[in-house]
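Novice: Below is the structure I would like to discuss, written out as structure tokens.
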């Protein structure tokens, strides 16, 4: 029996978007599973707030790591940078007596300088990112021990602790109306980005999702965000760090989907040669991606130190692996050129919900580590399977301009793909023949 046109459309929709929406479906399944296993504790407002606070630093790092991986690189130093910037900030506030309004910009600038240092060796000297950031991991872990003298330093001022544990004040009884308003504003922003991407692709005659599919995505986005906001509003409202995360997610989503800088990052990861021939300053793009990663690492260091209320020599250990795992689980390709900020957030939430759910049901740390490893392996295997199934994989391991092999390119990359292909072809066609 032949499938009807509607069934064929749905089948093709699932196949072509499996990689883009697969982990969203997986997150929903994981949430439902642990909601049942924990007897309804997982989705209680108090526990949802705890999940945000406990995983805030991973979410911040995952956003930056996604950009690094899209360019085809990796950063193993973020955990050590988190520890170092947290240690420096704590010493400045506790021993030197500097106010937080002075320390915070200094900490972010320190992270940016660290990112610039590593980005210089990677982008301009062409040393592999794995080696540079591995060296950075050792350097800044040692620097942390030097700054702290091998001991923990604290406590921090109350105003600093509020960053990681405080809530936005409410002004009325009942549900936190300001949290609901912020959720509505975030929903509008995300929906606007989706429709803007579709309109731009249609304007340039590039592949774009149908109006029905875009409407369905927008409705799902609004539903999820507003349910999430209501759960927070039913407790103490949105945490201060939650507001910070909302700004980062919306801001970086706009950057990657609707700006020239975002398209250049995708272009460098998709094909650095084609991007360079098209006039993109590939070295500068890579350099600034690592500067951005350094700043976000410093921000995560401030948040983690504030939550811990102390700077410790062991802070930040394994944070780089959590961020890398979140990016890959969220849909990043190991060969670069593919990934979204929302995907990184979904990947971090998958890890966070699994950690929280397994802890509630009393699963040991040994089993938790093993299960998270299997999830990461399955996510990367899913990426490779999609490439082989569609047949877009290329020898050499780099992501071609045809995308990740999971069907049509995501809307935010389609415009660049056509441009890079056309310009690379014209550049190669006019290049002089090699000498005989």
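In UniProt numbering, the protein residues as written are 1 to 436. Cβ atoms here follow ideal geometry from the backbone N, Cα and C, with glycine treated the same way. Every value quoted in this text rests on a predicted model; they were computed, and no experiment measured them.
Taking all protein chains shown into account, do 16 or more other C-beta atoms lie within 10 angstroms of the C-beta of residue 251, making it buried, or fewer, making it exposed?
Specialist: When all chains shown are included, residue 251 counts as exposed.
Novice: Using the rule of at least 16 other Cβ atoms within 10 Å of the residue's Cβ for burial, across every protein chain shown, is residue 378 buried or exposed?
Specialist: Exposed: under 16 other Cβ atoms inside 10 Å.
Novice: Please return the same chain residues whose Cβ sits closer than 6 Å to the Cβ of residue 85, not counting the five positions on each side in sequence.
Specialist: So the list reads 107, 110, 111, 298, 301, once near-sequence residues are dropped.
Novice: Assign residue 413 to one of two classes, buried (16 or more other C-beta atoms within 10 Å of its C-beta) or exposed (fewer than that).
Specialist: For residue 413, the predicted model reports a pLDDT of 45, less than 50, meaning its position is unreliable; a value from the coordinates is still stated below. So residue 413 counts as buried.
Novice: So, using beta-carbon positions, are residue 289 and residue 265 closer together than 8 Å?
Specialist: Contact flag set, yes.
Novice: Taking three-plus beta-carbon pairs below 8 Å as touching, is the segment 111 to 130 in contact with the segment 175 to 193?
Specialist: Flag = no, the segment 111 to 130 and the segment 175 to 193 do not touch.
Novice: Suppose the cutoff is 8 Å on Cβ atoms and the five residues either side in sequence are ignored; what does the same chain contact list for residue 376 look like?
Specialist: Contacts found: 325, 328, 329.
Novice: Give the range of the alpha helix (DSSP H) segment to which residue 90 is assigned.
Specialist: Looking at the DSSP string, the run of the alpha helix (DSSP H) that includes residue 90 is 78 to 94.
Novice: Are the Cβ atoms of residue 370 and residue 153 separated by less than 8 Å?
Specialist: Contact flag unset, no.
Novice: Between the C-alpha atoms of residue 233 and residue 69, what's the straight-line distance to the nearest angstrom?
Specialist: Approximately 35 Å between the Cα atoms of the pair.
Novice: Among the residues of its own chain, which have a CB less than 7 Å from the CB of residue 51, if the five just before and after it don't count?
Specialist: Only 352, 353, 356 meet the Cβ criterion.
Novice: Whole angstroms are fine: how far does the CA of residue 253 sit from the CA of residue 268?
Specialist: Between residue 268 and residue 253, the C-alpha separation is close to 18 Å.
Novice: So, is residue 151 buried or exposed, given that buried needs 16 or more other C-beta atoms within 10 angstroms?
Specialist: Counting Cβ neighbours within 10 Å, residue 151 comes out exposed, since fewer than 16 surround it.
Novice: Please report the distance separating the alpha-carbon of residue 364 from that of residue 374.
Specialist: Straight-line Cα distance between these residues: approximately 16 Å.
Novice: Hey, out of 372, 307, 207, 148, whose CA is closest to residue 88's CA?
Specialist: Cα-wise, what sits closest to residue 88 is 148.
Novice: Could you give the DSSP three-state label for residue 310: helix, strand or coil?
Specialist: Reduced to three states, the DSSP call for residue 310 is coil.
Novice: Report yes if the CB atom of residue 78 is closer than 8 Å to the CB atom of residue 323, and no otherwise.
Specialist: Closer than 8 Å, so yes.
Novice: When we look at the beta-carbon of residue 93 and count the other beta-carbons within 10 Å, is it buried (16 or more) or exposed?
Specialist: Under this definition residue 93 is a buried residue.
Novice: Verify the CB distance criterion: does residue 351 have a CB-CB separation below 8 Å to chain B?
Specialist: This model lacks chain B altogether, as it is built from one protein chain only.
Novice: May I ask you to report which of helix, strand or coil DSSP gives residue 153?
Specialist: Residue state, collapsed to three classes: strand.
Novice: Can the beta-carbon of residue 27 be found less than 8 Å from the beta-carbon of residue 291?
Specialist: Not a contact, by the Cβ cut-off of 8 Å.
Novice: Under three-state DSSP, which class holds residue 412?
Specialist: In this prediction, residue 412 has a pLDDT of 42, which is less than 50 and means its spatial position is unreliable; what the coordinates show is noted afterwards. Here residue 412 sits in helix by DSSP.
Novice: Give the DSSP-derived three-state secondary structure of residue 292 in the structure shown.
Specialist: In this structure, residue 292 counts as helix in the three-state DSSP scheme.
Novice: Does DSSP classify residue 105 as helix, strand or coil?
Specialist: Reduced to three states, the DSSP call for residue 105 is helix.
Novice: Can the beta-carbon of residue 241 be found less than 8 Å from the beta-carbon of residue 359?
Specialist: Not in contact: residue 241 and residue 359 (Cβ atoms no closer than 8 Å).
Novice: Note down, in chain order, each residue of its chain lying with its Cβ closer than 7 Å to the Cβ of residue 246, except the 5 sequence neighbours on either side.
Specialist: Result list for residue 246: 182, 186, in chain order.
Novice: Look up residue 239 in the DSSP assignment and give the residues it is bridged to.
Specialist: 167.
Novice: From residue 217 to residue 48, what distance separates their C-alpha atoms?
Specialist: Taking the straight line from one Cα to the other gives about 23 Å.
Novice: Using the rule of at least 16 other Cβ atoms within 10 Å of the residue's Cβ for burial, across every protein chain shown, is residue 203 buried or exposed?
Specialist: So residue 203 ends up on the exposed side.
Novice: By how many angstroms is the C-alpha of residue 263 removed from the C-alpha of residue 334?
Specialist: Looking at the two C-alpha atoms, the distance is approximately 18 Å.
Novice: How would you write the range of the alpha helix (DSSP H) that residue 47 sits in, first residue to last?
Specialist: First-last of the alpha helix (DSSP H) with residue 47: 45 to 54.
Novice: Using the rule of at least 16 other Cβ atoms within 10 Å of the residue's Cβ for burial, across every protein chain shown, is residue 32 buried or exposed?
Specialist: Counting Cβ neighbours within 10 Å, residue 32 comes out exposed, since fewer than 16 surround it.
Novice: In this structure, how does DSSP classify residue 334 when only helix, strand and coil are distinguished?
Specialist: Coil.
Novice: Can you give the Cα-Cα distance for residue 123 and residue 139, rounded to whole angstroms?
Specialist: Computed Cα separation, rounded: 19 Å.
Novice: Which same chain residues, not among the five before or five after residue 127, have their C-beta less than 8 Å away from its C-beta?
Specialist: Excluding residues within five positions, the ones whose Cβ falls inside 8 Å are 121.
Novice: Could you check where the alpha helix (DSSP H) with residue 271 kicks off and where it finishes?
Specialist: That residue, residue 271, is in no alpha helix (DSSP H); it is neither H nor E in DSSP.
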